[in-house]
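Student: Residue numbers (the numbering used here): 4 to 161.
All C-beta atoms, glycine included, are put in the ideal place defined by N, C-alpha and C.
1. Counting only the same chain and skipping the five closest in sequence on each side, list residues whose C-beta sits under 7 Å from that of residue 19.
2. Taking the Cβ atom as the reference point for each residue, do residue 48 and residue 59 lie within a distance shorter than 8 Å?
3. May I ask you to verify whether the stretch 82-101 touches the stretch 119-126, counting CB pairs closer than 8 Å and requiring at least 3?
4. Determine whether the beta carbon atoms of residue 43 and residue 62 lie at a separation below 8 Å.
5. Between residue 71 and residue 114, which are expected to be in contact by the criterion C-beta below 8 Å, what is the C-beta distance as a whole number of angstroms?
6. Quick check on the burial criterion: 16 or more other C-beta atoms within 10 angstroms. Buried or exposed for residue 39?
7. Might you give, ordered along the chain, the residues of its own chain that have their beta carbon closer than 6 Å to the beta carbon of residue 131, omitting 5 neighbours on each side?
8. Report the rounded CA-to-CA distance for residue 112 versus residue 23, giving the unit in angstroms.
9. Considering only residues of the same chain and omitting the five flanking positions on each side of residue 46, which have a CB-CB separation below 6 Å?
10. Could you have a look at residue 84 and say whether DSSP puts it in helix, strand or coil?
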């Protein structure tokens, strides 16, 4: 569904399977009702300062405000997504494979999850703050510890 949303946002008409059709219908309803103007879709961000990178779903202008949007097809929406949104918005730059030029991440006014379900869509706003980004950085440090030192602590000696 992410690839289909990206293709549609870029003006293409992708082939859609029967299983994907209800989600795409919700996405098309979102486009019709909210009329987003996409600035970026499925682009990569990188933070050299903090050592992370990822691919966000969309940055779009809706009703004159710039939104960082994450598309979700899960049964629900979850608080942890705020960490992901904060990471994207606070990265150092936007880049694309094969391009040497780095783009500046625009100022984000609002954050949200575009929750796509077979019965339609909801644009769920998230409150992303400096504390949210700080929590992301703490989670990143915990991940690094788990992938590194944690593998040596049991049975190890100093």
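Tutor: Put simply:
1. Counting from 1 along the chain shown, the entry for residue 19 is found at position 16. These residues qualify, in order along the chain: 7, 27.
2. For the purposes of this step, residue 48 is taken as the residue at position 45 of the chain shown. For the purposes of this step, residue 59 is taken as the residue at position 56 of the chain shown. Yes, they are a contact pair.
3. no
4. As a working mapping, residue 43 is identified with position 40 in the chain shown. As a working mapping, residue 62 is identified with position 59 in the chain shown. It is a contact, given that the beta carbons lie within the stated cut-off.
5. Mapped onto the chain shown, residue 71 falls at position 68. Mapped onto the chain shown, residue 114 falls at position 111. That belief holds up - the Cβ atoms of residue 71 and residue 114 are roughly 5 Å apart, short of 8 Å.
6. Here residue 39 refers to the residue found at position 36 of the chain shown. By the beta-carbon neighbour count (other beta carbons within 10 angstroms, threshold 16), residue 39 is buried.
7. Walking along the chain shown from the start, residue 131 turns up at place 128. Cβ neighbours of residue 131 beyond the five flanking positions: 85, 88, 89, 114.
8. As a position in the chain shown, residue 112 is number 109, starting the count at 1. As a position in the chain shown, residue 23 is number 20, starting the count at 1. Residue 112 and residue 23: Cα-Cα distance of roughly 31 Å.
9. Along the chain shown, read from residue 1 onward, the residue named residue 46 stands at position 43. Only 97 meet the Cβ criterion.
10. As a working mapping, residue 84 is identified with position 81 in the chain shown. The answer is helix: DSSP assigns residue 84 an H, G or I state.
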